[in-house]
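Peer 1:
Residue numbers (the numbering used here): 78 to 179.
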């Protein structure tokens, strides 16, 4: 798997998982659901990457000195605004595996 594809998969997983400031302990069932969702999320990431519509996303999320770095919020906003069908499919995919927010 290419490094870019790994980033796309990780980006999609981060989008599907709203991060919280406090530490959250995942239960065994949530971990199992997360793991079971990976092949489908990876396939979705491959389709999104193959579409060519995310080519500049990672360069634009590079941290800049003096500015807040919030890649999760940026990725969610970008996916919702620019690729709502992929965002919907990602949510549907992880929920179908029983994995929701941590």
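Even for Gly, the Cβ is constructed at its ideal location relative to N, Cα and C.
All figures in this text were calculated on a predicted structure; none of them were measured in a lab.
Counting C-beta neighbours from all protein chains within 10 Å, is the total for residue 173 16 or more, i.e. buried, or is it exposed?
Peer 2: exposed
Peer 1: Would you call the CB atoms of residue 167 and residue 121 closer than 7 Å?
Peer 2: yes
Peer 1: Count the other CB atoms within 10 Å of the CB of residue 114; is the residue buried (16 or more) or exposed (fewer)?
Peer 2: buried
Peer 1: According to DSSP, is residue 155 part of a helix, a strand, or is it coil?
Peer 2: helix
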